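Read through the structure below, which is laid out as structure tokens, and then see the notes.
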Amino acid sequence: MRSIQALNLKSKCFLSGELVLDLSRLFECDMEDLKHELYQARNVVQRRAQCGNDLSSVLEFTSFLEPYKKVFHQLICLCRIALALPESSATCERSFSVLKPININMNNIGVLNKTVLI
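Using my numbering, the first residue of the sequence shown is number 1391, and each one after it goes up by one.
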């Protein structure tokens, strides 16, 4: 979890090399490229902050890097993974709870269609 936290701009360990590299090992990223991308991304974010244009979330950071996706390919992939992962299993459970009535309705429609065919 700390590895994902390293992609959060508000974190004290933002873009911490070791933590981000731990995450990259899980998803088989190119470690050498990522090391260079981390160095450049830290500099770009610092320069942007000096101009008064702070980024405040992983989504904003990812959107900011998007035009440079050929340069920050590995880092953008990790940011997208971080955005896609749920905060906890409760988030997944809520999603399934929302989908359950839809599934039940679809099953009922299927049963009705079968009875009409008989």
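Think of the CB as a built atom: it goes at the ideal place given N, C-alpha and C, for glycine as much as any other residue.
Keep in mind that this is a model prediction, so the values were computed, not measured.
Under the DSSP assignment, A1439 falls in the alpha helix (DSSP H) whose first and last residues are M1421 to Q1440. Judged by beta-carbon spacing, L1424 lies within the 8 Å limit of L1411, meaning their Cβ atoms are closer than that value.
Secondary structure of P1457 (DSSP, three-state): helix. In this structure, L1475 lies away from S1446, with their beta-carbon atoms at least 8 Å apart. Contact check for L1465 against A1431 passes: the beta carbons are separated by less than 8 Å. When the beta-carbon positions are compared, L1428 and G1442 stay at least 8 Å from each other. Take F1454, set aside five residues on each side of it, and the residues of its chain with a beta-carbon closer than 7 Å to its own are L1445, in chain order. In summary, L1405 is buried, with 16 or more beta-carbon neighbours lying within 10 Å of its beta-carbon over all protein chains present.
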